[in-house]
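Trainee: This structure is in C-alpha cells; I'll ask about it shortly.
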Amino acid sequence: MNRFTIPRDIYYGHGALEILKTLEGKRAVLVIGGGSVKASGKLAQIESMLAEAGIETRVIEGIISEPTVAMVMEGVKALNEFQPDWVIGIGGGSPMDAAKAMWVFYEHPQLTFEEASRPFTMPKLRTKAKFIGIPTTSGSASEISNLSVVIDEKTGIKYPLADFELTPDLAIIDPSMVESMPKQITAYTGMDALTHGIESYVAKPRTLLTDALAIESVELVKQHLLHSYEGNPQSREAMHIAQGMAGMAFANAVLGNVHSLSHKSGPTFDIPHGCANAIYLPYVIQFNRTVVADRYAAIAKRIGLNGQSTDELVDALVAWVRELNRNMGIPSTLKEYGVSEELFNAHMDSMAANAVKDPCTGTNPRETSVEEMKKLYIAAFKGEDVTF
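Just so we're aligned: the sequence shown equals residues 2 to 389 in the numbering used here.
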C-alpha cells in the first residue's frame, strides 16, 4: 500500500493570498526571515488580509539563517504566550521550517527534540493550531512538504523532522511573493527545486503519482529556470509552480544522497542549501547511475537532451546540470566555493559518517557505505568524476 499526502488546500497563481481573508480563527503567529518581506509591503498586506478575517497577528522575525534548536525554542515561548490557532511560515525554507518546528513544540511541550527528530513518530498535531506556508522563494517547497530541517547549534548537525503530521494545512503559492527575488537566491532555490525533482524520480519509495509530478517539474525547470534567473515574470511564476510540484513529489517519495551530503556539509562550510545541492547533484547522478541509469535517461529524454544510448543520455544529464550551474555562477566544486583543504580534511570523516545516518540516505536508490559517502565528498571537493 502506498500513501500520498499533500496540504489540504493549495492556492496558487496571482491573487492566491486573497484566501487569507476567508480564514476562521482568532490569532495567528507569522514567522518570517529578514526584512525583505517587510520592505516589499507583503507582510503588511498579509496582516491586513488576516485583520479583515478578524484574526489578530503577532510576528516572530529574524530567521535569516537555517533554524537552530535555540531559535525554535525561543519562538515556542512566544506561541505559548499568544496562544494562536494559526501558525504561518512566510519566507524561504528556513522561516517555514522554523515555524513548523515551533508548531510541534507548541502542540507538545513535553516532547524532547530527540524524540521529535525520530522519523515518522510524530504525535498528532492540530489540537491547538493549524499551519499555513507562504513561500517567498521558489525551491524549498516547505509549504508543501512534511519536513522541517533544524540545526543542533551545539554539534552543527542538521536534523530533518519528518512526519506526515507536519504537512501544512494550507499552502499559498502566489507569484507576487517572488517578483523581486535576487538572482543568486533564484539560482540556488531553483537548483534546490531541480534536485527535489530528480532525486524523488529515482528514490526508492517513488510511485506513479510522484513520478508524474517529479518529471514534469524537471521539465518546467529546464524551460524556465534560466529565464527566471534573468527576471522574466512568466518564468518566475512557472518556477514557483514547479517547485511546488517537486515538493509534492519528494514529500511522498523522499530524496537521496544529494540532500544527505548537503545536510551535513552546509552548516559546516556555511554553504546555502540550494548551492550545496547544485554542487553535489552531478556527482550523485554519476554514483547512482549503476542502479538507476534508465531513470536518469528517461529524464534526459523528457527534457530533450541528446543521446543514442542510456549511458549517453545520463552523461548528457550530468553535463546539462553542470552547464546550468555555470550559467548561473554556481561553483562546480567545494574547493571552488571556497572550502579550504585543511577545513575539508578536518570534517570529512565526521560528515561522511553523519551523512550515512541521514534519513535521505535510506531512500537513495543505491546503498551507500560510509567509505562511499566519503569518496563522494572528495569527488565534490576536487571535481573528480565518480567512477566507483
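Ideal Cβ positions, reconstructed from N, Cα and C, are used throughout, including at glycine.
Considering residue 245, what are the terminal residues of the alpha helix (DSSP H) in which it resides?
Mentor: For this step, residue 245 is matched to residue 244 along the sequence shown. Counting along the chain, the alpha helix (DSSP H) containing residue 245 begins and ends at 234-254.
Trainee: With a threshold of 7 Å on Cβ separation, who are the neighbours of residue 196 within its own chain once the five nearest residues in sequence on each side are excluded?
Mentor: Taking the sequence shown and counting its residues from 1, the one referred to as residue 196 is at position 195. Same-chain partners within the cutoff: 259, 278, 282.
Trainee: According to DSSP, which residues form a beta bridge with residue 132?
Mentor: If you number the sequence shown from 1, residue 132 lands on position 131. Answer is 88, bridged to residue 132.
Trainee: Name the residue from 51, 40, 285, 237 whose alpha carbon lies nearest to the alpha carbon of residue 20.
Mentor: Against the sequence shown, residue 20 aligns to sequence position 19. Nearest C-alpha to residue 20: 51.
Trainee: Under a Cβ-count criterion, where at least 16 other Cβ atoms within 10 Å of its own Cβ denotes burial, should residue 178 be classed as buried or exposed?
Mentor: On the sequence shown, position 177 is the one that residue 178 refers to. So residue 178 ends up on the buried side.
Trainee: Would you check if there are 3 or more beta carbon pairs closer than 8 Å linking the region 240-252 to the region 180-198?
Mentor: Touching, per the Cβ criterion.
Trainee: In terms of residue numbering, what span does the alpha helix (DSSP H) encompassing residue 47 cover?
Mentor: The residue given as residue 47 occupies position 46 in the sequence shown. Taken as a continuous stretch (DSSP letters only), the alpha helix (DSSP H) holding residue 47 covers 43-53.
Trainee: Would DSSP call residue 69 helix, strand or coil?
Mentor: Counted from its first residue, the sequence shown places residue 69 at position 68. DSSP places residue 69 in strand when its eight states are reduced to three.
Trainee: Which residue spans inside the region 151-200 form an unbroken beta strand (DSSP E) run of at least 3?
Mentor: 158-163, 171-174, all fully within the region 151-200.
Trainee: Given 8 Å as the limit, is there contact between the region 103-114 and the region 70-82, that is, 3 or more CB pairs closer than that?
Mentor: They touch, by the three-pair rule.
Trainee: Helix, strand or coil for residue 149 per DSSP?
Mentor: For the purposes of this step, residue 149 is taken as the residue at position 148 of the sequence shown. If DSSP states are grouped into helix, strand and coil, residue 149 belongs with the strands.
Trainee: Jot down the residue ranges of each uninterrupted alpha helix (DSSP H) in the region 252-317, minimum 4 residues, whole runs only, in chain order.
Mentor: The qualifying runs are 258-270, 274-303.
Trainee: Given this structure, state the Cα-to-Cα distance separating residue 311 from residue 298, to the nearest angstrom.
Mentor: As a working note, residue 311 is residue 310 in the sequence shown. As a working note, residue 298 is residue 297 in the sequence shown. Answer to the nearest angstrom: the Cα atoms are 6 Å apart.
Trainee: By the 10 Å Cβ neighbour count, where 16 or more other Cβ atoms means buried, how is residue 399 classified, buried or exposed?
Mentor: Nothing can be reported for residue 399, as the shown portion of the chain is limited to 2 through 389.
Trainee: Considering residue 359, what are the terminal residues of the beta strand (DSSP E) in which it resides?
Mentor: To locate residue 359, count along the sequence shown from 1; it is residue 358. No beta strand (DSSP E) contains residue 359, which DSSP labels as neither H nor E.
Trainee: Quick one: what's got a C-beta closer than 7 Å to residue 369's C-beta in the same chain, skipping five residues either side?
Mentor: By 1-based counting over the sequence shown, the position of residue 369 is 368. Around residue 369: 258, 357, 362.
Trainee: Which residues mark the beginning and the end of the beta strand (DSSP E) in which residue 20 is found?
Mentor: Numbered from 1 along the sequence shown, position 19 holds the residue referred to as residue 20. Element bounds for residue 20: n/a, residue is neither H nor E.
Trainee: At the level of alpha carbons, what is the spacing between residue 383 and residue 69?
Mentor: Residue mapping note: residue 383 aligns to position 382 of the sequence shown, counting from 1. Residue mapping note: residue 69 aligns to position 68 of the sequence shown, counting from 1. Going from the Cα of residue 383 to the Cα of residue 69 covers about 30 Å.
Trainee: Is the beta carbon of residue 27 sitting closer than 8 Å to the one on residue 86?
Mentor: Within the sequence shown, numbered from 1, the residue matching residue 27 stands at position 26. Within the sequence shown, numbered from 1, the residue matching residue 86 stands at position 85. Yes.
Trainee: Quick one: complete alpha helix (DSSP H) runs, 4+ long, within the region 324-367?
Mentor: As far as the region 324-367 is concerned, its whole alpha helix (DSSP H) runs of at least 4 residues are 335-338, 342-358, 360-364.
Trainee: Using 8 Å as the Cβ pair cut-off and three pairs as the minimum, do the region 149-169 and the region 119-129 touch?
Mentor: Flag = yes, the region 149-169 and the region 119-129 touch.
Trainee: Whose CA, out of 173, 6, 350, 315, lies closest to the CA of residue 47?
Mentor: Working through the sequence shown from its first residue, we reach residue 47 at position 46. Comparing Cα-Cα distances from residue 47 to each of 173, 6, 350, 315, the minimum goes to 173.
Trainee: Between the C-alpha atoms of residue 127 and residue 88, what's the straight-line distance to the nearest angstrom?
Mentor: As a position in the sequence shown, residue 127 is number 126, starting the count at 1. As a position in the sequence shown, residue 88 is number 87, starting the count at 1. Taking the straight line from one Cα to the other gives about 10 Å.
Trainee: Give the range of the beta strand (DSSP E) segment to which residue 31 is assigned.
Mentor: Locating residue 31 in the sequence shown gives position 30, where the first residue counts as 1. Per DSSP, residue 31 belongs to the beta strand (DSSP E) from 28-32.
Trainee: Give the DSSP-derived three-state secondary structure of residue 7 in the structure shown.
Mentor: Position 6 of the sequence shown holds residue 7. Coil at residue 7, not helix or strand.
Trainee: Whose C-alpha, out of 16, 364, 352, 3, is nearest the C-alpha of residue 176?
Mentor: Counted from its first residue, the sequence shown places residue 176 at position 175. For the residues 16, 364, 352, 3, the minimum Cα distance to residue 176 belongs to 16.
Trainee: Along the alpha helix (DSSP H) that carries residue 38, what are the first and last residues, could you check?
Mentor: Against the sequence shown, residue 38 aligns to sequence position 37. Counting along the chain, the alpha helix (DSSP H) containing residue 38 begins and ends at 37-40.
Trainee: Between residue 286 and residue 315, how many whole angstroms is the CB-CB distance? I'm expecting something under 8 Å.
Mentor: On the sequence shown, position 285 is the one that residue 286 refers to. On the sequence shown, position 314 is the one that residue 315 refers to. Correct: roughly 7 Å between the Cβ atoms.
Trainee: Between which two residues does the alpha helix (DSSP H) holding residue 371 run?
Mentor: Within the sequence shown, numbered from 1, the residue matching residue 371 stands at position 370. From DSSP, the alpha helix (DSSP H) with residue 371 extends over 371-383.
Trainee: Since residue 136 and residue 148 should fall inside the 8 Å C-beta cutoff, what is the C-beta to C-beta distance between them, to a whole number of angstroms?
Mentor: To locate residue 136, count along the sequence shown from 1; it is residue 135. To locate residue 148, count along the sequence shown from 1; it is residue 147. Contact flag wrong, Cβ pair sits at about 14 Å.
Trainee: Kindly give me the distance between the Cβ atoms of residue 272 and residue 199, rounded to whole angstroms, as I take these residues to be in contact under 8 Å.
Mentor: For this step, residue 272 is matched to residue 271 along the sequence shown. For this step, residue 199 is matched to residue 198 along the sequence shown. Residue 272 to residue 199, Cβ: 19 Å. No contact.
Trainee: Could you name the residues of the same chain whose beta carbon sits closer than 7 Å to that of residue 292, not counting the 5 residues immediately before and after it, in chain order?
Mentor: Here residue 292 corresponds to residue number 291 of the sequence shown, with the count starting at 1. Closer than 7 Å at the Cβ level, and outside the excluded window around residue 292, lie 366, 367.
Trainee: Closest to residue 180 by C-alpha separation, out of 252, 230, 351, 355, would be which residue?
Mentor: Reading the sequence shown from its first residue, position 179 is the one you call residue 180. When each option's Cα is compared against that of residue 180, the closest is 230.
Trainee: Quick one: Cα of residue 266 to Cα of residue 23, how far?
Mentor: Residue mapping note: residue 266 aligns to position 265 of the sequence shown, counting from 1. Residue mapping note: residue 23 aligns to position 22 of the sequence shown, counting from 1. Cα-Cα distance, rounded: 42 Å.
Trainee: Using DSSP bridges, identify the partner residues of residue 12.
Mentor: On the sequence shown, position 11 is the one that residue 12 refers to. Residue 12 pairs with 173.
Trainee: Across which residues does DSSP place residue 113 in a beta bridge pair?
Mentor: In the sequence shown, counting from the first residue as 1, residue 113 sits at position 112. DSSP, once it has assigned bridges, lists no residue as partnering residue 113.
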